Amino acid sequence: MSISLEGLRFRYPTERFELALRGLEIATAEPTAIIGHSGCGKTTLLRLVAGILRPASGRIRVLDTDVGALSEGRARAFRIRRLGLVFQEFELLDYLTAADNILVPFRVSGALTLTNDTRDLMRELAQRTGIEHLLDAYPRQLSQGERQRVALCRALVTRPGLVLADEPTGSLDPTNQQRIVELLCSTAEAAGAGLVMVTHDHELLGHFDRVIDLPKLTAGDA
35 MSISLEGLRF RYPTERFELA LRGLEIATAE PTAIIGHSGC GKTTLLRLVA
85 GILRPASGRI RVLDTDVGAL SEGRARAFRI RRLGLVFQEF ELLDYLTAAD
135 NILVPFRVSG ALTLTNDTRD LMRELAQRTG IEHLLDAYPR QLSQGERQRV
185 ALCRALVTRP GLVLADEPTG SLDPTNQQRI VELLCSTAEA AGAGLVMVTH
235 DHELLGHFDR VIDLPKLTAG DA
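Numbering-wise (the numbering used here), the sequence shown opens with residue 35 and increments by one.
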């Protein structure tokens, strides 16, 4: 399985910024970090891969699916079924418990069916990430690191083929940054999911098999 981008071009309508890539291949078997200065297009690239944004031209294949050719509804269903998304802001729902936040993908889409096996996996992931005793707690009762673990479990409970993480440690202190990335890598590997993470922190790169410097790639140097 892989991510393949060919002749990719994207531009926001109201901004001068443009992302252009002649070609890029990422093997999902290789945990990969994408680095680069602020504003170079790291988050934009991740959102293109997820099908949240659409390129002006070019082709994006993710897990053997031509994401750019999907309708908005089919792209959303693809994300829910095949991808796990982890954001810096966590995006937890305050009125739901940790357990219900983890299971949100099954509540918002008919593409997934909530089963007893899924509930068992939710508890297994919570145990693996050390939050099994917090499943009845609400986000306001959790620390930053605990909320991040809830978000990580939510990304993995659908058994995705690929996890996309956008600066998931940006709001954490250095010690917890290392812990969360170690947890992200080990949990994704145990779940059999590929991992692509956007970061600006070079101290975290030792956890990854491959590092892509996006400014160098867009300049044609890599």
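Glycine included, every Cβ here is placed at the ideal spot set by N, Cα and C.
In this text the structure is predicted, and so the values were computed from the model without any measurement.
Relative to the C-alpha of residue i, which candidate in the options has its C-alpha closest?
{"i": "GLY226", "options": "LEU239, ALA63 and ARG50", "result": "ALA63"}
{"i": "HIS234", "options": "CYS219, ALA61, GLN211 and LEU217", "result": "GLN211"}
{"i": "ASP207", "options": "GLU237, PHE140 and LEU186", "result": "GLU237"}
{"i": "PRO139", "options": "ILE246, ARG115 and ALA109", "result": "ARG115"}
{"i": "ARG43", "options": "SER91, ALA222, THR66 and LEU148", "result": "SER91"}
{"i": "LEU55", "options": "THR66, CYS74, SER143 and GLY144", "result": "CYS74"}
Is the beta carbon of residue i less than 7 Å from the beta carbon of residue j?
{"i": "ARG183", "j": "THR163", "result": "yes"}
{"i": "LEU168", "j": "ALA132", "result": "yes"}
{"i": "ILE68", "j": "ILE246", "result": "yes"}
{"i": "ALA189", "j": "LEU119", "result": "yes"}
{"i": "VAL101", "j": "ILE37", "result": "no"}
{"i": "CYS187", "j": "PRO65", "result": "no"}
{"i": "PRO194", "j": "GLN122", "result": "no"}
{"i": "ALA84", "j": "LEU117", "result": "yes"}
My output table needs one value for residue i: the three-state DSSP class, helix, strand or coil.
{"i": "GLY57", "result": "strand"}
{"i": "GLY73", "result": "coil"}
{"i": "THR252", "result": "helix"}
{"i": "GLU64", "result": "coil"}
What residues are listed by DSSP as bridge partners for residue i?
{"i": "GLU49", "result": "GLU49 pairs with nothing; no bridge assigned."}
{"i": "PHE44", "result": "LEU53"}
{"i": "ASP247", "result": "ILE69"}
{"i": "LEU238", "result": "None, per the DSSP bridge assignment."}
Which ranges does the alpha helix (DSSP H) cover as unbroken runs of at least 4 residues, wholly within the stretch 80-161, from first to last along the chain? For the stretch 80-161, the continuous alpha helix (DSSP H) assignments of 4+ residues that do not extend past its boundaries occur at 106-116, 132-136 and 138-142, in sequence order.
Where in the stretch 147-231 do unbroken runs of the beta strand (DSSP E), each at least 3 residues long, occur, reported from the N-terminal end onward? Taking only runs of at least 3 residues, the beta strand (DSSP E) segments lying wholly in the stretch 147-231 are 196-200.
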